[in-house]
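Structure record follows, encoded as structure tokens.
Number of protein chains: 2
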Amino acid sequence: MVDAEARRTELAEAVWRIVMRDGLEQASVRNVAREAGLSMGSLRHYFATQSELLGFALRLVGDRIEARLRAVDVTGDQRRVVLAMIDEMLPLDRQRRGECEVWLAFTARAVVEPSLASLREEIDARLVEAFQMMIRRLADSGALRPDLDHTVEAERLYALVDGVILHAVLQPSRMSGPAGRAVVATHLAQIAPGDPGGV
Amino acid sequence: MVDAEARRTELAEAVWRIVMRDGLEQASVRNVAREAGLSMGSLRHYFATQSELLGFALRLVGDRIEARLRAVDVTGDQRRVVLAMIDEMLPLDRQRRGECEVWLAFTARAVVEPSLASLREEIDARLVEAFQMMIRRLADSGALRPDLDHTVEAERLYALVDGVILHAVLQPSRMSGPAGRAVVATHLAQIAPGDPGGV
DNA sequence: AGCAATGTAGCACGACTGTGCTATAAAGGC
DNA sequence: GCCTTTATAGCACAGTCGTGCTACATTGCT
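As you go down the protein sequences, you meet chains H and A in turn.
Heads up: the first sequence at position 154 corresponds to 154 in my numbering, and the numbers run straight through without jumps.
Heads up: the second sequence at position 32 corresponds to 1032 in my numbering, and the numbers run straight through without jumps.
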């Protein structure tokens, strides 16, 4: 027998595949069960309702991104460190692109669905913290321009990164993942100038 | 009898109300017809299919924003002009907030629905142009820092504004419309420094 | 007055939805 | 060997969906 938590993860991954391929609208109980190779009844054994299933799938995306953020090597030039952290959020490969698409789909629905809204709020709070931490890293290492307000800069960097992700997901032809990365790098170079000694 | 185009606009506005209140998922033919006070059959007289209806509703949002952009007074300090243009996109009042929510909902679905994707691509192209024009305005008036690449700065400003809109729609408590405006103003002050003579 | 175009209404079909419910199979403790 | 728990399956219900279709009313031209 397969471990119960592993099955739940398999089902979440089935949700992701459907969301990426056909959109969140197609993530019905039936479709997810078929995608995972299970029956509807079996799926309902692991998730009592659809929102429970979707909530679990979204939470798992947040967890994975957070785990990668924590795995970033934080030694050396802090400009490099911050860019490496943001790299973990940008759609630079298949997996991260998928995460971004799932994030966008859930985000749009969270505007209107209260059950998802509270979860998104929680993930958002963690992200705000992460960006504040990045600005603090730059400031503490002396790289950040001293005339900048830390709170505003954290919000500005967060908004810029989310905007870049949005554009990279929607218009990959105009703004590819690497192109988005370059825009972020330009931004970092402006708020924390000086020779980083090789990015 | 009511003018046909006015009826189509009324129906588009019914779509907006539903999208804002209940999300794009609820914008079914039945719901839109009921919201507009018409029968399903009558609605289908003006729009043969649902995607035609939704496409018309989205296009109208783009048209309205574009009209307001063109109405901005372009004389005087170009920093003020550019900020005034961006003001027309930010969710600073009820109407603009509604437009942003509709934009977000359609945007998320456009990732997956080809019929909406081409339309969004068109709106996106107009927006890219608008931001390139803003950077050109700043550069031509001598306000833009001369060391900045125009193409990158247009993309950066565009991404920042979309990110700010996204956050203002999703987390109005953390990032209100005016707070987002302040972030954008900070950005403009950094890429086009110097005393603007009162913003 | 009469005819054609336009607007409005409403029903019917087949498909899909989430979830409640029951039934069968496998696993594990005693 | 038995019996409870866990896993898997599948059906049924009531609801919504988009759209094809027909019927009736209104308008406007001739």
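Here a beta-carbon is modelled for each residue, glycine too, at the ideal position from N, C-alpha and C.
These figures come from a predicted structure and were not determined experimentally.
Helix, strand or coil at residue i according to DSSP, with G and I counted as helix
i              : result
residue 43/H   : helix
residue 192/H  : coil
residue 1181/A : helix
residue 1142/A : coil
residue 1006/A : helix
residue 1197/A : Unreliable positioning characterises residue 1197/A in this predicted model, as indicated by a pLDDT of 47, which lies under 50. The coordinate reading is nonetheless provided below. Three-state result, residue 1197/A: coil.
residue 1124/A : helix
residue 1132/A : helix
residue 156/H  : helix
residue 1118/A : helix
residue 75/H   : coil
residue 1026/A : helix
residue 1170/A : helix
residue 20/H   : helix
residue 1011/A : helix
Per-residue contacts from residue i into chain A (C-beta, under 8 Å)
i             : result
residue 170/H : 1107, 1110, 1111, 1120, 1124
residue 160/H : 1156, 1159, 1160, 1163
residue 213/H : Because chain H here runs from 1 to 199, residue 213/H falls outside it and cannot be looked at.
Exposure of residue i, with buried meaning 16 or more beta-carbon neighbours within 10 Å
i              : result
residue 95/H   : exposed
residue 1040/A : exposed
residue 947/A  : Because residue 947/A is not part of the residues shown, which for chain A are 1001 to 1199, the question remains open.
residue 199/H  : Here the model assigns residue 199/H a pLDDT of 44, short of 50, so the residue's position is not dependable and the matter cannot be decided.
residue 1197/A : Per-residue confidence for residue 1197/A stands at a pLDDT of 47, beneath the threshold of 50, marking its modelled position as unreliable; no derived number is given.
residue 1120/A : buried
residue 124/H  : buried
residue 162/H  : buried
residue 1045/A : exposed
residue 1113/A : buried
residue 1150/A : exposed
residue 107/H  : buried
residue 1180/A : buried
residue 76/H   : exposed
residue 1091/A : buried
Boundaries of the alpha helix (DSSP H) in which residue i is found, first to last residue
i              : result
residue 107/H  : 94 to 110
residue 63/H   : 50 to 70
residue 1034/A : 1029 to 1036
residue 1078/A : 1078 to 1087
residue 1148/A : No alpha helix (DSSP H) holds residue 1148/A; DSSP gives it neither H nor E.
Heavy atom of the ligand HEM within 6 Å of residue i beta-carbon
i              : result
residue 1139/A : With respect to the ligand HEM, the structure shown offers nothing to examine, as it has no ligands at all.
Cross-chain neighbours of residue i in chain H, by beta carbon under 7 Å
i              : result
residue 1186/A : 152, 156
residue 1175/A : 155
residue 1104/A : 108, 111
Contact list for residue i against chain A, beta-carbon separation under 9 Å
i             : result
residue 93/H  : None at all; the shortest Cβ gap to chain A is about 18 Å.
residue 167/H : 1124, 1155, 1158, 1159, 1162
residue 23/H  : 1108, 1109, 1111, 1112, 1113
Partners in chain A for residue i, counting only beta-carbon separations shorter than 7 Å
i             : result
residue 183/H : 1152, 1155, 1156, 1159
residue 127/H : Near residue 127/H there are no residues of chain A at all, since even the closest Cβ is about 10 Å away, more than 7 Å.
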